[in-house]
Every structure is written in C-alpha cells, then in structure tokens.
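Scroll down for the structure; my scribbles are underneath it.
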Amino acid sequence: MLSLTTHLMPLVLAGLLGWTGSVKLFHRDTVRQAPRTALARMLRSSGRAALVLRAVGALELLLTAGLLALPASPVPGAATAVLGAGFLAYLGYGRALAPESSCGCSANEDTPITWRAFARAAVVLAGGATAAAAHGAWWSTLSARPGGSLLFLAVAAVVLTALSVDPDRWWLLPLRRLGLRVRGHPLFGTGRGDQVPVAASVELLERSLAWQTASPVVRSGLLDHWEEDGWRILLYSGVHATRKEARPVSVLFALDATAGRDSPGEPVVRVSCVDADSGEPVAQEVLNAVPVRRALPTVG
Numbered sequence: 001m002l003s004l005t006t007h008l009m010p011l012v013l014a015g016l017l018g019w020t021g022s023v024k025l026f027h028r029d030t031v032r033q034a035p036r037t038a039l040a041r042m043l044r045s046s047g048r049a050a051l052v053l054r055a056v057g058a059l060e061l062l063l064t065a066g067l068l069a070l071p072a073s074p075v076p077g078a079a080t081a082v083l084g085a086g087f088l089a090y091l092g093y094g095r096a097l098a099p100e101s102s103c104g105c106s107a108n109e110d111t112p113i114t115w116r117a118f119a120r121a122a123v124v125l126a127g128g129a130t131a132a133a134a135h136g137a138w139w140s141t142l143s144a145r146p147g148g149s150l151l152f153l154a155v156a157a158v159v160l161t162a163l164s165v166d167p168d169r170w171w172l173l174p175l176r177r178l179g180l181r182v183r184g185h186p187l188f189g190t191g192r193g194d195q196v197p198v199a200a201s202v203e204l205l206e207r208s209l210a211w212q213t214a215s216p217v218v219r220s221g222l223l224d225h226w227e228e229d230g231w232r233i234l235l236y237s238g239v240h241a242t243r244k245e246a247r248p249v250s251v252l253f254a255l256d257a258t259a260g261r262d263s264p265g266e267p268v269v270r271v272s273c274v275d276a277d278s279g280e281p282v283a284q285e286v287l288n289a290v291p292v293r294r295a296l297p298t299v300g
C-alpha cells in the first residue's frame, strides 16, 4: 500500500495542481476575485494580486507537467513540497492579517480562509515530499495493479473534492433545500389548519402593527408561550415608565395559532400589558397609540 501511494501521488498532485493552476491562470474570475483575497491586502494592490495569482497558476501547471512527465525524478516532488510550505505560510499570515478575506487558492471562491485551505496546503506539502521519494512511474503502477490504483485514486479524488469545495454551497445547501421540499417550510402553515411552529408566530408578530405599538414597552425576548381557545399566547417582559416611576410589566400577545406566512391578510393580534406584581392592566395609552401606515405615492 505504501508503494502504491508513493507511485500514484504524482498523479494525485497533478490533478489537484492542474485544476487550481488552470483556474488561476485562465479563468476570468481571477481578476474579479483578486481584490477579495488576503493577497491583495498584503500587496496593497488588487492588480498586483491578480498578477501574482496568475504567476502561481502558471507555476502550478509547470509542476503538473513535471509530475506527470518525470514521476521518478525527485525535483518535481520536492518543488511541490516547497510550494505547499509556501501555501501554509501564506495562509497563516493571511488569516492573521485579513481573516474575512479569501485565500484565492482556486480564484473562484469568496469564502474566508478556513481549515480546508490549510488541509489542502498540507496535502500538497506532504504529497510533494512523498512524490519526491518515488522511484517508479505512475503508469507502471496503474498497469500492474489496476484495481488498487483505481480505488486509491477514487478515494483521493473524494478527499480533495471535500477539501476544495464549499460544503455549504455544493451539498449542504442543496440538502437543506431538499429537506424543505420534503418536510415543508417550518414558517409556513400546512394548509390543513394545523398549528404552525412558534417561530412562525414570532415572525408574524414582529412584522405586525401591534408589535410596533408595544415595542417601546417590551424589554425581552420570548419568555413563554401557550395556547388557549385557538389562540397562541406569547409572553414578554417589559418596563412601563412614567414621569414618576418605572415598574415591571408583562406584555402578552395573542395570535391565531394556525396563522402562517402563507395566510391571507395581516394576522389579528391582541395585546395586553399587565403589572408584573398586581396583574392590573397598564400602559393602555401606549397600546392605544397604533401607528398608521402611510400609503406610498403612485406615479401617473
């Protein structure tokens, strides 16, 4: 297994460097993404950052050719290991200098530097050192052990793909979308009169005029909720301040327990504000001052 890994590592590295180098050198997004990279912060110039990215891409393609054509020579592998060490140093400095910037490793991603970039650079470093120790050609290993070689290359491709792509964009987000299609959106009603989640009621409440009216009194997030006679009661704490004193109050909102984002019209919301100690209604002058939505001007 060790000899298989050693002899096929040049082919694995050639695939990785060939892809990243081609994207850096030929992709039109290189210039567009350069200002967002940590390299632009280091060089203080987006133009110079784009030129450096192009140059690194050309170097990666040169190493790709060397790894493919001269697998038994230690030079391409050693040069690849040096490149991987340089990548690690750049990523460490870039993460410290501009943690919100991207690394520009593939010139078509705008996500900040993450552990995947460090892992990918470490693979280049370790893989280059391994390839430098190879004494045979990768095509000889492929012909001598085709089954094991294909399995190794498949596993390597999966690992490199996982380290090279953004999981949120390529597979986590599609999985979440599929889950929403199968289970339905949690903030929409089911269409059968079933009660929607509390989060949906809170969202509807915070968009309502009743919330705008009572918001000067509310001082907390949702504390408790329960349902009674088809209504969902949402409890918040607050402070009712007058010229003489300020006292703690409980603010209660009542919404239709079956109302969701897809329900027609605005939800009916009832508001009550009671003294937290005595239970007497307070702050009615605030709750009665319902703001009026102004109609937008029309053209024509």
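Note that UniProt numbering numbers the sequence shown so that position 107 is 107, with each residue one more than the last. Glycine is no exception: its CB is placed at the ideal position from the N, C-alpha and C atoms.
Check, Outcome
"DSSP-derived helix/strand/coil call for Val-268", "coil"
"Alpha-carbon to alpha-carbon, Gly-136 and Thr-30", "36 Å"
"Proximity of Val-12 and Ala-126 at Cβ, strictly below 7 Å", "no"
"C-beta contact flag for Arg-116 and Leu-163 at 7 Å", "yes"
"Distance, Leu-223 Cα to Trp-19 Cα", "53 Å"
"Exposure label - Arg-54; buried when at least 16 CB within 10 Å", "buried"
"For Pro-146, the residue or residues it bridges with in DSSP", "Beta-bridge pairing links Pro-146 to no other residue."
"Pro-248 - DSSP class collapsed to helix/strand/coil", "strand"
"Within 7 Å, strictly: CB atoms of Ser-101 and Ala-38", "yes"
"Which of helix, strand or coil DSSP assigns to His-27", "coil"
"Selection from His-7, Glu-280 and Ala-89 that minimises the alpha carbon distance to Leu-68", "His-7"
"Run of the beta strand (DSSP E) containing Arg-232, from where it starts to where it stops", "231–241"
"Beta-carbon proximity check, Ala-50 vs Ala-34, cutoff 7 Å", "yes"
"Start-to-end residues for the beta strand (DSSP E) that takes in Glu-227", "224–228"
"Run of the alpha helix (DSSP H) containing Pro-71, from where it starts to where it stops", "Run containing Pro-71: none; DSSP gives neither H nor E here."
"Cβ-heavy atom distance, Gln-33 to the ligand COA, below 6 Å", "As far as ligands go, the structure on display features none, and thus does not contain the ligand COA."
"Start and end residues, alpha helix (DSSP H) containing Arg-120", "115–132"
"Pro-76 burial status per 10 Å Cβ neighbour count (16 or more: buried)", "buried"
"Distance CB(Leu-255)-CB(Arg-232) smaller than 7 Å", "yes"
"Spatial neighbours of Glu-280 in its chain, beta-carbon cut-off 7 Å, leaving aside the 5 residues before and after", "Val-274"
"Between the CA atoms of Phe-253 and Ala-230 - distance to the nearest angstrom", "The question names Ala, but residue 230 in the sequence shown is Gly. Those two C-alpha atoms are separated by around 13 Å."
"Residue interval of the alpha helix (DSSP H) (run including Glu-203)", "198–206"
"Neighbourhood of Pro-74 by C-beta distance below 6 Å, restricted to the same chain and skipping five residues each side", "Ala-132"
"Residues near Ala-14 in its chain [Cβ-Cβ closer than 7 Å; skip 5 each side]", "Thr-64, Leu-67 and Leu-68"
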